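Numbering (the working numbering), first residue to last: 32 to 132.
Comments concern the structure below.
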């Protein structure tokens with residue numbers, strides 16, 4: 032996919048296309064994220080004993096339960112505790128507003 036030819040100032044990049052491009056860039060990026068940085072010594076990499084990637088839970092994954100009313104944000108947090116995850120993403124822009132009209 033050639034993003035450069037399809038996206039111009041008059042054609043904004045769609046979120047999905049951006050995520051595809053950003054994901055590809057992240058995979059292609061060298062460790063440390065700087066293409067111009069000096070390579071790390073192999074010994075430094077081998078001394079890392081623990082994983083630096085932790086499991087989390089995204090509220091959007093439970094969209095159908097929120098939408099059906101069978102789950103609240105509080106019950107989502109309780110579920111995350113049950114799952115013993117390290118963090119949660121509670122992005123709520125897709126939930127119904129509780130503001131009076």
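We put the beta carbon where it would ideally sit given N, CA and C, even for glycine.
Because the structure is a prediction, the values reported are computed rather than measured.
Since residue i and residue j are thought to touch, with beta carbons under 8 Å apart, how far apart are those beta carbons, to the nearest angstrom?
i, j, result
"residue 119", "residue 88", "5 Å"
"residue 99", "residue 122", "So it is not a contact: roughly 19 Å between Cβ atoms."
Can you tell me whether DSSP reads residue i as helix, strand or coil?
i, result
"residue 116", "coil"
Nearest CA to the CA of residue i: which residue from the options?
i, options, result
"residue 85", "95, 132, 117", "117"
Please give the ranges of any alpha helix (DSSP H) in the region 89-114, keeping only runs that are unbroken, at least 4 residues long and fully inside the region. Qualifying alpha helix (DSSP H) stretches, in chain order: 94-99, 104-114.
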